[in-house]
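*Asks:* By our numbering, the letter at position 338 of the sequence shown is numbered 340, and the numbering carries on one by one without gaps. Glycine included, each C-beta is placed from N, C-alpha and C at the ideal position.
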Amino acid sequence: MNTEPAMTDTISLLYVEDDADIRSRMAVFLERRIGQLLVAENGERGLELFRAHKPDMVITDILMPVMDGLQMARTIRQVDPNIPIIITTAHNEEHYFLSSIELGIDRYVPKPIDPHFLMTAIEKCSRLLQRQREEEQANRYVHFLLDAQPNFLLVTTDGQLEYINRAFWRFLGFETMESFQQADPDLGGVMITPDGRPLNEQGDWQTLLADREQPIPIIYLSQGLKTKEECNQVPFAVTVSAFPEQRRLMFSFLDITDIGHEIESLRIQAYTDTLTGTCNRARLGGVLNAEIQRAQRHMLPLSIILCDIDHFKRVNDTHGHQAGDDVLQGFSKLIQENIRAEDVVARWGGEEFMIVCPQTDLEQSRRLSEKLCRVLAAHVFPDIGHITCSFGVAQCQPEDDTRTLTGRADKALYEAKNRGRNRVEIEARRLPAMESG
3 MNTEPAMTDT ISLLYVEDDA DIRSRMAVFL ERRIGQLLVA ENGERGLELF
53 RAHKPDMVIT DILMPVMDGL QMARTIRQVD PNIPIIITTA HNEEHYFLSS
103 IELGIDRYVP KPIDPHFLMT AIEKCSRLLQ RQREEEQANR YVHFLLDAQP
153 NFLLVTTDGQ LEYINRAFWR FLGFETMESF QQADPDLGGV MITPDGRPLN
203 EQGDWQTLLA DREQPIPIIY LSQGLKTKEE CNQVPFAVTV SAFPEQRRLM
253 FSFLDITDIG HEIESLRIQA YTDTLTGTCN RARLGGVLNA EIQRAQRHML
303 PLSIILCDID HFKRVNDTHG HQAGDDVLQG FSKLIQENIR AEDVVARWGG
353 EEFMIVCPQT DLEQSRRLSE KLCRVLAAHV FPDIGHITCS FGVAQCQPED
403 DTRTLTGRAD KALYEAKNRG RNRVEIEARR LPAMESG
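#1: Can you pull the DSSP bridge partners for Ala42?
#2: Hey, could you find the ends of the beta strand (DSSP E) Gly394 is sitting in?
#3: Run the CB neighbour count on Leu370, radius 10 Å, all protein chains shown included, and call it buried at 16 or more, exposed below.
#4: DSSP state of Leu49, grouped into three classes?
#5: Starting from Ala239, follow the beta strand (DSSP E) in both directions and report where the run begins and ends.
#6: Where His388 and Phe314 are concerned, what is the direct C-alpha to C-alpha distance, given to the nearest angstrom?
#7: Please say whether Asp149 and Ala169 have beta carbons closer to each other than 9 Å?
#8: Whose C-beta lies closer than 7 Å to the C-beta of Ile265 among residues of the same chain, with five residues either side of it excluded?
#9: Enumerate in chain order the residues of its own chain whose CB-to-CB distance from Gln204 is below 8 Å, with the five nearest sequence positions on each side excluded.
#10: Check Gln331 in the structure and name its three-state DSSP category.
#11: Residues in its own chain within less than 7 Å of Asp70 by CB, not counting five upstream and five downstream?
#12: With a Cβ-Cβ cutoff of 9 Å, do Leu286 and Met356 count as a contact?
#13: Out of curiosity, what's the CA-to-CA distance linking Arg53 and Ile258?
#14: Count the other CB atoms, across all protein chains shown, that sit within 10 Å of the CB of Phe119; report buried if there are 16 or more and exposed otherwise.
#15: Helix, strand or coil for Gly161 per DSSP?
#16: Count the other CB atoms within 10 Å of the CB of Thr320; is the residue buried (16 or more) or exposed (fewer)?
#17: Anyone know if the C-beta pair for Asp108 and Ala123 falls short of 9 Å?
#18: Taking the beta strand (DSSP E) that Met348 belongs to, which residues open and close that run?
#19: What is the rounded straight-line gap between the Cα of Arg283 and the Cα of Asp310?
#20: Let's test the definition: count the other Cβ atoms within 10 Å of the Cβ of Gly262 and tell me whether it reaches 16, buried, or not, exposed.
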């Protein structure tokens, strides 16, 4: 049997069977292969265990006393529509199959149970769970980036609302995303055009805002879902980004009530490291992700540089943390003075910094890193003297994302540290680079 222990060992499974002999034998078999096994003798007890433990998967017989398996499965589906459910039964009546299809049962295992056949069904459902978890993790990261933005953001797919960021639903008067979803408000009703009419009175709000020939540059939003007679409307500049291959639209609303010091101050707080004046890591995530997508879409080179001040702990230990802060400020200033305007420098963490270099290949980034290495080594920091820095360089490849690209740069930086510091190392993994456009 071709099993995948690493996959099934991570799942929790609820097994429901009224036959004591079958239940005992299968429990022994499953306990050796499943991360956590819950066992019940009927549907009612199975439902209790499901509500208490929220397992990843359910295996159940159909005909059982107290509550049958299909009845239990129907209730479970109401709580979690996506949980994999496997039915085991010796009965082949048509209405059982029809009921199973209606419930969306994932697998059907006949009795007497072939353990190998059952494990194959479990492994297939486990792979489905794994994909769902990977998609959820990716979605959480995207949602984090959207929620980090001060602008109001809406994302729709095939005309349906996919996501609204925290700033927006809070503006609309909701305490949580769940409360917004339950209310399911008509967003076209809170979007008012400069002539004072809600968008939902003029047509589909998505179509109207995405119209490139007759764009609506300014929209007034009614705060707290109140009508225009009940509250002041706040003016927003609207931009729309289309992703045709995904049938997706992103709507961005920028508050323009006070273009000036207040907005600039909020922008700095949201996107800038307060000590060094460089980008913070939250902002860097969006910048790097956008640059990777642009480079891959247009086949342009893109490189990143990770740099780490050598023996920085000694500065803090010998001269104090204030002196360490002064070094970080001077260090970041030197970097910014010696890179291009289109390059982005961000504080990666502690004494580590990242430089994002659009339209720059590996060799160009290596030369820039060597220049920075010399400039930093030659500079005299007040009360500290000379410091050095190590550099790791990586170039974006067609299959890269932020994680893989930064991972290679981090490995190169580790090599620079391991080989004596005060030097530049480029990534060890070399693939054909993107051609410059």
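*Replies:* So, from the data block:
#1: Reading the sequence shown from its first residue, position 40 is the one you call residue 42. Answer is Val18, bridged to Ala42.
#2: As a working note, residue 394 is residue 392 in the sequence shown. Here the beta strand (DSSP E) through Gly394 covers Cys391 to Gln397.
#3: In the sequence shown, residue 370 corresponds to position 368, counting from 1. The residue is buried, with at least 16 neighbouring Cβ atoms inside 10 Å.
#4: As a working mapping, residue 49 is identified with position 47 in the sequence shown. In this structure, Leu49 counts as helix in the three-state DSSP scheme.
#5: On the sequence shown, residue 239 is found 237 positions in, with the first residue counted as 1. Here the beta strand (DSSP E) through Ala239 covers Gln235 to Phe245.
#6: Here residue 388 refers to the residue found at position 386 of the sequence shown. Here residue 314 refers to the residue found at position 312 of the sequence shown. Approximately 12 Å between the Cα atoms of the pair.
#7: As a first step, residue 169 is located in the sequence shown; it is residue number 167 there, counting from the start. As a first step, residue 149 is located in the sequence shown; it is residue number 147 there, counting from the start. Against a cut-off of 9 Å, the Cβ pair of Asp149 and Ala169 comes out as a contact.
#8: Numbered from 1 along the sequence shown, position 263 holds the residue referred to as residue 265. Unreliable positioning characterises Ile265 in this predicted model, as indicated by a pLDDT of 48, which lies under 50. A coordinate reading is not provided.
#9: The sequence position of residue 204 within the sequence shown is 202, counting from 1. Cβ neighbours of Gln204 beyond the five flanking positions: Thr195 and Leu210.
#10: Translated into positions along the sequence shown, residue 331 becomes position 329. Residue state, collapsed to three classes: helix.
#11: By one-based count along the sequence shown, residue 70 stands at place 68. Same-chain partners within the cutoff: Gly45 and Ile64.
#12: By 1-based counting over the sequence shown, the position of residue 286 is 284. By 1-based counting over the sequence shown, the position of residue 356 is 354. Cβ distance < 9 Å, so Leu286 and Met356 count as in contact.
#13: Along the sequence shown, read from residue 1 onward, the residue named residue 53 stands at position 51. Along the sequence shown, read from residue 1 onward, the residue named residue 258 stands at position 256. Roughly 48 Å between the two C-alpha positions.
#14: Within the sequence shown, the letter at position 117 stands for residue 119. It is exposed - the Cβ of Phe119 has fewer than 16 other Cβ atoms within 10 Å.
#15: Counting from one through the sequence shown, the residue named residue 161 turns up at place 159. Here Gly161 sits in coil by DSSP.
#16: Residue mapping note: residue 320 aligns to position 318 of the sequence shown, counting from 1. Per the 10 Å Cβ criterion, exposed.
#17: Residue 108 sits at position 106 when you count from the first residue of the sequence shown. Residue 123 sits at position 121 when you count from the first residue of the sequence shown. Yes, Cβ-Cβ distance for Asp108 and Ala123 is below 9 Å.
#18: Counting from one through the sequence shown, the residue named residue 348 turns up at place 346. Here residue 348 turns out to be Ala, not Met, going by the sequence shown. From DSSP, the beta strand (DSSP E) with Ala348 extends over Val346 to Gly351.
#19: For the purposes of this step, residue 283 is taken as residue 281 along the sequence shown, with counting starting at 1. For the purposes of this step, residue 310 is taken as residue 308 along the sequence shown, with counting starting at 1. Near 15 Å, if we compare the C-alpha coordinates of Asp310 and Arg283.
#20: Residue numbering aside, residue 262 sits at position 260 when the sequence shown is read from its first letter. Low confidence applies here, because Gly262 scores a pLDDT of 39, under 50, leaving its location unreliable and the question unanswered by this model.
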